[in-house]
Amino acid sequence: MVGVAGVLLFSALAAAQGNAPRSPWKYYPEDARANEGPGGPAPVRDLSGTWAGESSGAGVQRLVRPESPPPLTALGKQLFDLNVAEGTGVTVAETNDPHVRYCDPFGFPRNMNDQIRSMTIATGPGRTFVMLKFMNIWREIWTDGRALPTNVGGRGPDAHDPTYNGYSVGRWEDDYTFVVETTGTAPETWATETGYPHSAEARVTERFHRTSKNDLTATTTMDDPKLYTRQVAMGEVHFRWIPSQTFFDFSCVPSSVQRYLDEMADPAGDPNAAQ
Amino acid sequence: MMVLLAGLATIASPSFAHHGATAFNMTEPVELKGAVVTEFVWINPHPLIKADYTDEQGNVQHWTMEMGSTVSVQLLGWTRTTVQPGDVVTLYVWQAKTGKPVGRFNKVDLADGTTMRDSQTGADDGGRADTGLRQ
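As you go down the protein sequences, you meet chains A and B in turn.
Using my numbering, the first residue of the first sequence is number 631, and each one after it goes up by one.
Using my numbering, the first residue of the second sequence is number 94, and each one after it goes up by one.
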C-alpha cells in the first residue's frame, strides 16, 4: 500500500518537474540518481569534486551511525548529562542543542556525522579543503608533512586555541585512501547530534576511501581518553558523485532561526509558549 | 520497473529529518479547506506557511506551519512564490500536540488543482514525499 503510494507520488513529481526548463544552476535529484553504479574505476589519489550525502535528497544512505552509547568516563557522563538532545520525546522547544536554539556551529566532528547534505573536496599544493553545504563550512587539512599541534587549549605562548573545526593533517595511506587526523576542536560543541561530548584534546581519525568514480566513504573514529574509556566508532558515511557538480548554499541565519522558534517551534512544543 | 523500485524504496528508506516530528500528532492531518494564505516565509531551517482558516462557526484561526528546508523542498519543485498571500488553498497539516494552530505541513491543494507536498512528511501516511526521488 505504502509502495503504491510511493509509486504514485514519484510519478506525479516526475511529471511536475519534467515541465520546467532545465537550468545549469540547479541541482536536480536525477543528477545523483542518474549516476547509478560505480561509473568506472576510482582515479588515483583524487577525491576532488562535489559529492551528495545522506541528507542531500539524492537517496544516498548512511552506512553506519555513530556508536551509541559510547563508553563514557565519569567526566564524560557528567558532561553528556548536561546535553538535552532533540529526538524521541524531546521537541525543538525543549532541547538545549546550541545549534538548534542559537544557530551555533556544529563544530567537528559533528559536522561530519550530522546533516550530511553535500560536500566538495578541493585539493591544492600542501592543503586539501573539505567544504560542507550545511552551514557553509570549510575545513583546512594540511598535507605538507607538518605534525598536529601540541598544547591545544593549554596556557602559555606556545598554546593553540581550540577552533570549531580544529587542526587537521592528511596523508594518502594508499592510492584510494586519504587519512585525516584532527585535534583541537572547540569543547563546547557536541560530537554528535545525540549530545555526546568531546574535549579539545580529542583526536579524530577519518579515512576517506574512494571505491569507484561515484562512491566515496568516510569512516571516523575518536580517541578522547578524558571522556571515553576506549576509542569510539563515529560511524561511516557514504557519498555519491554529483554529475552537475552543483553545490548549494545552506546558511544558518540567526534572525531566521529566532523567527522559526518564536512563531513555530516553541508554540508547537511548549504549551506555555506565547504565539 | 524503475518506478516500481522507487515506490518500494518508500518502505525501506529511513526517515532522517532536520528537526523531528516529536511535537506533532502524526496520526491524521488536519484539513484546512478554503484557507487564505497570509504569508509564505522562505527561510531556513524551515519555511513557514501562514494562513487564515475560517471554521464552521465562523471563527478565524491563524495557522503557522513548517515544511522541509528550502534546499530540500526545492527538489520537489517549490520556490519562494509557490504560494503567495491571498491564495485560497486547502492545507493539510500535522497539528502540534499542544493543540495550538501550528503544525508540520503535509501538503497543499492549490487553486489550479496542483498538489504540492512537504519533503519530510508530505506522503499521505506522514512519511517522506521525496523518497521516490531517491536512489
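Ideal placement from N, C-alpha and C gives every residue a C-beta, glycine not left out.
Give the interface partners of A116/B over in chain A, defined as CB-CB distance under 8 Å, in chain order. The sequence position of residue 116/B within the second sequence is 23, counting from 1. The answer, in chain order, is T721, V722, A723, A895, A898 and G899.
Provide the residue span of the beta strand (DSSP E) that contains L762/A, from first to last. Residue numbering aside, residue 762/A sits at position 132 when the first sequence is read from its first letter. Where L762/A is concerned, the enclosing beta strand (DSSP E) stretches over R757 to L762.
Using CA atoms only, rank isn't needed, just tell me which of N199/B, P138/B, F198/B and K190/B is closest to P884/A. Within the first sequence, residue 884/A is the residue found at index 254, counting from 1. Closest option to P884/A, Cα to Cα, is P138/B.
Taking T214/B and A114/B to be in contact with their CB atoms under 8 Å, please state how far apart those CB atoms are, rounded to whole angstroms. Translated into positions along the second sequence, residue 214/B becomes position 121. Translated into positions along the second sequence, residue 114/B becomes position 21. The Cβ separation is near 6 Å, so the contact holds.
Opposite K193/B in the DSSP bridges: which residues? The count along the second sequence starts at 1 and reaches residue 193/B at position 100. DSSP, once it has assigned bridges, lists no residue as partnering K193/B.
Entirely enclosed beta strand (DSSP E) segments - the stretch 695 to 754 of chain A, minimum 3 residues: 748 to 754
Is H868/A near V690/A, with beta carbons less than 7 Å apart? In the first sequence, counting from the first residue as 1, residue 868/A sits at position 238. In the first sequence, counting from the first residue as 1, residue 690/A sits at position 60. Closer than 7 Å, so yes.
Is the CB of S886/A under 7 Å away from at least one CB in chain B? Within the first sequence, the letter at position 256 stands for residue 886/A. Yes, because at least one Cβ of chain B sits closer than 7 Å to the Cβ of S886/A.
As assigned by DSSP and simplified to three states, the class of D661/A: Here residue 661/A refers to the residue found at position 31 of the first sequence. Helix at D661/A.
Answer yes or no: does any C-beta atom of chain A fall closer than 7 Å to that of A144/B? Residue numbering aside, residue 144/B sits at position 51 when the second sequence is read from its first letter. It does not: the Cβ of A144/B has no partner Cβ on chain A nearer than 7 Å.
Hey, R870/A and A688/A are a contact pair by Cβ (cut 8 Å); roughly how many whole angstroms apart? As a working note, residue 870/A is residue 240 in the first sequence. As a working note, residue 688/A is residue 58 in the first sequence. Confirmed, about 6 Å.
From T859/A to T835/A, what distance separates their C-alpha atoms? As a working note, residue 859/A is residue 229 in the first sequence. As a working note, residue 835/A is residue 205 in the first sequence. Taking the straight line from one Cα to the other gives about 17 Å.
Apart from the five residues on each side of it in sequence, which residues of its chain come closer than 6 Å, Cβ to Cβ, to M852/A? Numbered from 1 along the first sequence, position 222 holds the residue referred to as residue 852/A. Result list for M852/A: A832, V834, V862 and M864, in chain order.
Just to confirm my understanding: we take K126/B, look at its own chain, exclude 5 residues before and 5 after, and list those with CB closer than 6 Å. What are they? On the second sequence, position 33 is the one that residue 126/B refers to. Only T183 meet the Cβ criterion.
How should S685/A be labelled, buried or exposed, when 16 other C-beta atoms within 10 angstroms of its C-beta is the threshold for buried? Position 55 of the first sequence holds residue 685/A. Buried.
Less than 7 Å between C-beta atoms, sequence neighbours within five positions excluded: which residues of the same chain meet that for G796/A? If you number the first sequence from 1, residue 796/A lands on position 166. So the list reads F738, T812, T813, G814 and T815, once near-sequence residues are dropped.
Between N766/A, Y794/A, T725/A and N844/A, which has its C-alpha nearest I872/A's C-alpha? Indexing the first sequence from 1 puts residue 872/A at position 242. For the residues N766/A, Y794/A, T725/A and N844/A, the minimum Cα distance to I872/A belongs to N844/A.
For L169/B, three-class secondary structure by DSSP: What you label residue 169/B is simply residue 76 of the second sequence in a count that begins at 1. Three-state result, L169/B: coil.
Neighbour list for K193/B in chain A, Cβ cutoff strictly below 9 Å: Taking the second sequence and counting its residues from 1, the one referred to as residue 193/B is at position 100. By Cβ distance, chain A contributes P897, A898, P901, A903 and Q905.
Note the first and the last residue of the continuous beta strand (DSSP E) segment covering D217/B. In the second sequence, counting from the first residue as 1, residue 217/B sits at position 124. Element bounds for D217/B: n/a, residue is neither H nor E.
Partner residues on chain A for G113/B, Cβ-Cβ distance less than 7 Å: Counting from one through the second sequence, the residue named residue 113/B turns up at place 20. By Cβ distance, chain A contributes E716 and G717.
What is the DSSP secondary structure of A789/A, reduced to helix, strand or coil? Taking the first residue of the first sequence as 1, we reach residue 789/A at position 159. Coil, per DSSP.
Can you tell me where the beta strand (DSSP E) with V129/B in it begins and where it stops? Position 36 of the second sequence holds residue 129/B. First-last of the beta strand (DSSP E) with V129/B: V123 to V134.
I'd like the list of long-range same chain contacts for A646/A, defined as Cβ closer than 6 Å, with 5 residues on each side in sequence excluded. Along the first sequence, read from residue 1 onward, the residue named residue 646/A stands at position 16. Confidence in A646/A is poor, its pLDDT being 49 and thus under 50, which makes the residue's placement too unreliable to answer from.
According to the neighbour-count rule (16 or more other Cβ atoms, all chains shown, within 10 Å of its Cβ), is L705/A buried or exposed? Counted from its first residue, the first sequence places residue 705/A at position 75. The residue in question, L705/A, is exposed, as its Cβ has fewer than 16 Cβ neighbours within 10 Å.
Run through chain A and tell me which residues come within less than 7 Å of L168/B, C-beta to C-beta. The residue labelled residue 168/B in the question sits at position 75 within the second sequence. Per Cβ cutoff of 7 Å: P659 and G687.
Please list, in chain order, all residues of the same chain as T147/B whose beta carbon is under 6 Å from its beta carbon, the five residues on each side excluded. Your numbering for residue 147/B matches position 54 in the second sequence. V153.
Residues of chain B with CB closer than 7 Å to the CB of F878/A, please, in chain order. Taking the first residue of the first sequence as 1, we reach residue 878/A at position 248. Those are V164, listed as they occur along chain B.
CA-to-CA distance, W156/B to T847/A, given in whole angstroms: By one-based count along the first sequence, residue 847/A stands at place 217. By one-based count along the second sequence, residue 156/B stands at place 63. Whole-angstrom Cα-Cα distance: 43 Å.
Cα-Cα separation, G667/A to V164/B: Taking the first residue of the first sequence as position 1, residue 667/A is located at position 37. Taking the first residue of the second sequence as position 1, residue 164/B is located at position 71. Their backbone Cα atoms lie some 25 Å apart in a straight line.
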